[in-house]
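Student: Have a look at the structure that comes next, please.
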Amino acid sequence: MKREPPRRLADYGPIAFPALLLLVFFVVPFGTMIAVSFFRRQQGGFYTPDFVFANYERFLSAFFGHVLGLSLLLAVVVALCAVAMAFPFTYLLSRQSRRVQTGWLIALLSVLSLSEVIIGFAWSTLLSRTAGITQVLAALGLMAEPAALFPGYGAVLTGMVYQALPYAILVLYPALVRLDPTLLEAARTLGASPLRAFFDVIVPALRSAIVATLIMVFVFALGSYLLPQILGRPQHWTLSVLITDQAIYQSNMPFAAAMAVFLVLMSLALVGLTLLAGRRRGS
Amino acid sequence: MSGLELRGLRKRFGPITVVDDVQLNVPHGSFVCLLGPSGCGKTTLLRMIAGLEDPSEGAIVLDGEDITAQPTHRRNFGMVFQSLALFPHLSVGQNITYPLRIRGAPRDEQRRRACELLKLVQLPGFEDRSIDQLSGGQRQRVAIARALALKPRLFLLDEPLSALDAKLREAMQLELRQLQQQLGITTIVVTHDQREAMTMADLVVVMGGGRIRQAAPPVEIYRRPADAFVADFIGSTNLLPLQADGRGGASAFGQPLHEIRVPAGSNGAVLSIRPEDVQLTAAHEGMLQGRVSFVRDLGATVETFVDVAGQRIVAVSTPRARTLLRPGDAVGVRLPAESCVVLPP
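Residue numbers (our numbering), protein chains in the order written: chain F, 1 to 283; chain G, 1001 to 1345.
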């Protein structure tokens, strides 16, 4: 099929509908949010149109800075953990027979069908003192006595990595299946041990797939809202939780909007940096 | 003994035996082609030699040392893959010096060796190019240079030229042979192209159904094939069923062939004769009588298809000896005894 660049206005017809949807349901609300972030808050009420920086100023306090840092750090750690686990797993999976691969992929897809609430409560039970895995460990003599592993940072991390892992595997899978298996064999005939060949050849050959997965999981984890509340203490709550708190319970729409804009800008900056680093190493 | 020795090598994948009881001696410094149709086990055999597949049975011995259980990365064999398997994230120079880097060779030695190898494969100054800037033939040369970087004990190539166009392939065959002779390195090439094998090899190993059918120098394979499979696979040939009379004489299609002898006591055999050895004569002369069914004039050669009692015999001649035969003409066929090979049925 020959593809020509669109010339007349009518040639753009086919994308008019999606473009309209994008405009109405994404660009307009996002623009509204940016506008609201500069509005003045009415004490005990709603807000009035204005152009003030008070909302951003308030955000630049130590408390909110700390929460922002924590949210970003959590998302980065989740992304790194998920990719570190998903990559070797997917690599081994891609070397299995078709039947085994299909079985695993179906199992992974079924994990995706679980709601975040179910995942949260399942992990809170598994990590509890009374009914959790520490009971099993204690019974096996591996632990002196059962202990509660939640709420805590580790519990939040576990739940979020669990939730992100299937996505990471499904994004990495096509790239790993398409990878030429003789690359690894060539490295081995040239004197690289299997482990060395994996890190020298497989990982760099799939750098762009790995970067894409890191970014996807990072963005995914940044918006996490439920799991930190179910599995963490208030000091582990992410910015998303605080935004909801301000918007709904404190009725401070301008401040919530300012925080949301800031979060978007920070994550865009981080994604940009990652891409830049990836490209520089590639050239 | 010096060289590579394969002792009773066997490879099974589940219930299927892919390589079956392979015995082979490859003298040091020789050039061997493993030749056969696809699925004959030749690539699996090469992969076993490289250590990429474990043999189900048998032993691989190199210069008197049993290396069957040695892992690939300790064998120091250079291998060129069919896909070439060049590392896309590394430059030409980095690809070639990868094995040196693994062994922690100093930088200036790496640079010197890369320069030397690129000169050897006639790509001087290509160190800093990236792999996707290269043509197919250039990639081929880089893969060869990389495989030779460590002065390997054995040089293995799996269908190395199959991705190249016909002209380049012929040129690379000669080049590869010259390179091998210059370095004196024991080389094993897998190929399904018999011309390629004839061009390059000291020893052609014809494989079929997982077994070695014949291992001999190229001309001998062509002139004295061991069985009908080899005769048919190497070049084109006419295979005629022979009836034995029990006293060493033979006949074909009920017509006696006076000069052909079959082993006494056998009750049948196959006669193989190359098309260029078949002579056509006037009707009622020669040994067999037939009728011309088709004439293909290719300019340089003329192929005449003769139908003898339902069996097709092809004769190839040069235009100088062109007789004006047309489909339907009756002809005699002479099979010179010195060009005929009698094979077991």
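Backbone N, C-alpha and C define an ideal beta-carbon position, used for all residues, glycine too. No experiment lies behind these values; they were computed from the predicted model shown.
Return the residues of the stretch 1089–1121 of chain G that lie within a Cβ-Cβ distance of less than 7 Å from chain F, sorted by chain order.
Tutor: Residues are counted here when their Cβ sits less than 7 Å from a Cβ of chain F; for the stretch 1089–1121 of chain G these are H1089, Y1098, P1099, I1102 and R1103, given in chain order.
Student: Rounded to the nearest angstrom, what separates L1325(G) and A1171(G) at their Cα positions?
Tutor: 38 Å
Student: Would you mind telling me which residues of chain G sit closer than 7 Å to S193(F), beta carbon to beta carbon, in chain order?
Tutor: H1073
Student: Return the CA-CA distance between P1345(G) and P1160(G), expressed in angstroms with no decimal places.
Tutor: 35 Å
Student: Under the DSSP definition of a beta bridge, which residues are partnered with V1292(G)?
Tutor: Within the DSSP bridge table, the entry for V1292(G) names V1306(G) as partners.
Student: Is there a Cβ of chain F sitting closer than 8 Å to that of S1083(G), yes or no?
Tutor: yes
Student: When you compare each of L20(F), F89(F), A10(F) and Q250(F) to F46(F) by their alpha carbons, which one comes out closest?
Tutor: Among L20(F), F89(F), A10(F) and Q250(F), the Cα nearest to that of F46(F) belongs to Q250(F).
Student: Note down, in chain order, each residue of its chain lying with its Cβ closer than 7 Å to the Cβ of L1046(G), except the 5 sequence neighbours on either side.
Tutor: L1034, L1156, D1158, I1188 and V1190
Student: Quick one: what's C1033(G) bridged to in DSSP?
Tutor: V1189(G) and V1204(G)
Student: Using only the alpha-carbon positions, how far apart do A148(F) and V78(F) sit?
Tutor: Taking the straight line joining both Cα atoms gives about 22 Å.
Student: Please name the residue or residues paired with N1025(G) in a DSSP beta bridge.
Tutor: E1005(G)
Student: Whether or not the stretch 193–200 of chain F and the stretch 1076–1085 of chain G are in contact is what I'm after, with contact meaning three or more pairs of Cβ atoms, one per stretch, closer than 8 Å; do they touch?
Tutor: no
Student: Can you name, in chain order, every residue of its own chain whose Cβ lies under 6 Å from the Cβ of P49(F), other than the five neighbours on each side?
Tutor: Around P49(F): F39.
Student: Give the residues of chain F in contact with A1050(G), contact being defined as C-beta atoms less than 7 Å apart.
Tutor: Ordered by position in chain F, the residues that pass the 7 Å Cβ test against A1050(G) are T189.
Student: Of all the CB atoms in chain C, is at least one closer than 8 Å to the CB of E4(F)?
Tutor: Any reference to chain C falls outside this structure, whose protein chains are F and G.
Student: DSSP state of L127(F), grouped into three classes?
Tutor: Correct three-state label for L127(F): coil.
Student: Is there a C-beta anywhere in chain G that falls below 8 Å from the one on L275(F)?
Tutor: no
Student: Would you check if the distance between the CB atom of L1234(G) and the CB atom of Q1194(G) is smaller than 8 Å?
Tutor: Strictly speaking, residue 1234(G) in this sequence is Ile, with Leu absent from that position. Yes.
Student: With a threshold of 8 Å between beta-carbons, can L214(F) be considered close to chain G, or not?
Tutor: no
Student: Cβ of L270(F) within 8 Å of Cβ of L72(F)?
Tutor: Going by beta carbons, L270(F) and L72(F) fall inside the 8 Å limit.
Student: Within the continuous beta strand (DSSP E) that includes L1343(G), where are the two ends?
Tutor: V1341 to L1343
Student: With 8 Å as the threshold, decide whether the Cβ of F1077(G) is near any Cβ in chain F.
Tutor: yes
Student: Within 10 angstroms of the Cβ of P1099(G), are there 16 or more other Cβ atoms? Answer buried if so, exposed if not.
Tutor: When all chains shown are included, P1099(G) counts as buried.
Student: Below 7 Å between beta carbons is the criterion; list the residues of the stretch 95–109 of chain F that meet it against any residue of chain G, in chain order.
Tutor: none
Student: Please report how far the alpha carbon of F121(F) lies from the alpha carbon of G132(F), in whole angstroms.
Tutor: 12 Å
Student: Hey, would you say S1251(G) sits closer than 8 Å to L1257(G), going by beta carbons?
Tutor: Inclusion of S1251(G) and L1257(G) in the CB contact set at 8 Å is warranted, their separation being smaller than that value.
Student: Write down the C-beta distance between D1021(G) and R1141(G) rounded to the nearest angstrom, noting that I regard them as a contact closer than 8 Å.
Tutor: No, D1021(G) and R1141(G) are not in contact; Cβ-Cβ is about 37 Å, not under 8 Å.
Student: Going by the CB atoms, is the gap between R1296(G) and E1303(G) shorter than 8 Å?
Tutor: The answer is yes: Cβ separation under 8 Å.
Student: Can you tell me where the beta strand (DSSP E) holding F1077(G) begins and where it ends?
Tutor: F1077 to V1080
Student: So L1280(G) and V1230(G) are in contact, right, with Cβ under 8 Å, and what is the actual spacing, rounded?
Tutor: Contact flag wrong, Cβ pair sits at about 26 Å.
Student: Measure how close the beta-carbons of I1096(G) and A1149(G) come, nearest whole angstrom, since I'm counting them as under 8 Å.
Tutor: 6 Å
Student: Taking the alpha carbon of V1204(G) as the reference point, which residue from V1026(G), L1024(G) and V1032(G) has its own alpha carbon closest?
Tutor: V1032(G)
Student: Roughly how many whole angstroms lie between the Cα atoms of V52(F) and A212(F)?
Tutor: 37 Å
Student: What did DSSP end up calling E1057(G) once you bin it into helix, strand or coil?
Tutor: strand
Student: In chain order, what residues of the same chain lie with their CB nearer than 7 Å to the CB of E1005(G), ignoring the 5 residues before and after it?
Tutor: N1025 and V1061, listed in sequence order.
Student: May I have the straight-line CA-CA distance separating V117(F) from M160(F), to the nearest angstrom?
Tutor: 12 Å
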